[in-house]
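Asker:
Protein chains in written order, with my numbering: chain A, 14 to 132; chain B, 6 to 117.
1. By the 9 Å beta-carbon criterion, what residues does the region 93–107 of chain B contribute toward chain A?
2. Can you confirm whether residue 62 of chain A, when its beta carbon is compared against all beta carbons of chain B, has any partner nearer than 7 Å?
3. Anyone know if the C-beta pair for residue 112 of chain B and residue 33 of chain B falls short of 7 Å?
4. Can you find the residues in the same chain that come closer than 8 Å, C-beta to C-beta, to residue 102 of chain B, ignoring five residues on each side of it along the sequence?
5. Tell whether a beta-carbon distance below 7 Å holds between residue 48 of chain A and residue 50 of chain B.
6. Taking residue 87 of chain B as the reference, which of B:116, B:104, B:10 has the closest Cα?
7. Mind checking residue 92 of chain A: buried by the 16 CB within 10 Å criterion, or exposed?
8. Mind listing the chain B neighbours of residue 124 of chain A? Cutoff is C-beta to C-beta under 8 Å, in chain order.
9. The beta strand (DSSP E) with residue 71 of chain A in it runs from where to where?
10. Just how far apart, CA to CA, sit residue 54 of chain A and residue 103 of chain A?
11. If you draw a straight line from the alpha carbon of residue 109 of chain B to that of residue 76 of chain B, how long is it in whole angstroms?
12. Taking Cβ positions, are residue 41 of chain B and residue 105 of chain B nearer each other than 7 Å?
Next comes the structure, spelled out in C-alpha cells:
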C-alpha cells in the first residue's frame, strides 16, 4: 500500500528555520512526483510546488518561489519542505501528496504537519 | 494563476443529488482531461474522489461522479448521506503557471 507519513507538529518563533519531512512507503520513489500544499487556518488548498523524484525537475508556485525550499533524499524515500526564516503568516497545515509520473492526480496524501509560528 | 471558481456552499437533504461546479479557462479545465476532485473532512487530509474528469478510484462510492463541459467541470453526489458533509476541492492541470496545477476555491457541502 502506498503511504505518505509526515513529521509531527511544529511550534516555532518568527525568524527561526524549519524543515518538515514526508516519507514514502510502498512504492518506487523515483517514479513519482511529490507536491507540497499549504492550507492556512479556515482557508482552501494552495499548491506550493512539486518535484519529480526521478530527476531534478522542480516547479514552485510564484507565490512561494524564494520563500521555501523543496528537496528530497531518494536514498530514504523522503521529501522535505524547508524555511530559512519563518514568519507568523507561515502558520498553516502543510500536506505532501504524490502523483505517479504520467498521471495528473495526487493520491495518497500525507496526514499533514501543523506549523505554528508565534512569538 | 487564480484559483478555479467553485460555489462557496451547496446543500441538500439525505437521498437527494447535488452538483458542484468548477470553472476555469481553456488553459486548465477546458484544455485537458486532467480534473480531479478531493473530499476533505474537518481536521483530515484531502482524499481523492474523482480523477481524469470522471474516473473513480477503487473504494470510492459510485454515488460520486464527474463530468466536464467546456471550461466547467462538475462533481455530482447522488443519494446524499450525512457522511458526505465535507469540503470539496477540484484540481486541474494548467499551462498558465507553475507548478502546473491549480485548485478550486472549495465548496462546503451541507446535508440538511
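Idealized CB from N, CA, C, for every residue including glycine.
Answerer: The relevant details are as follows:
1. 94, 96, 97, 98, 102, 103, 104, 105, 106, 107
2. yes
3. no
4. 6
5. no
6. B:116
7. buried
8. 50
9. 71–73
10. 10 Å
11. 13 Å
12. no
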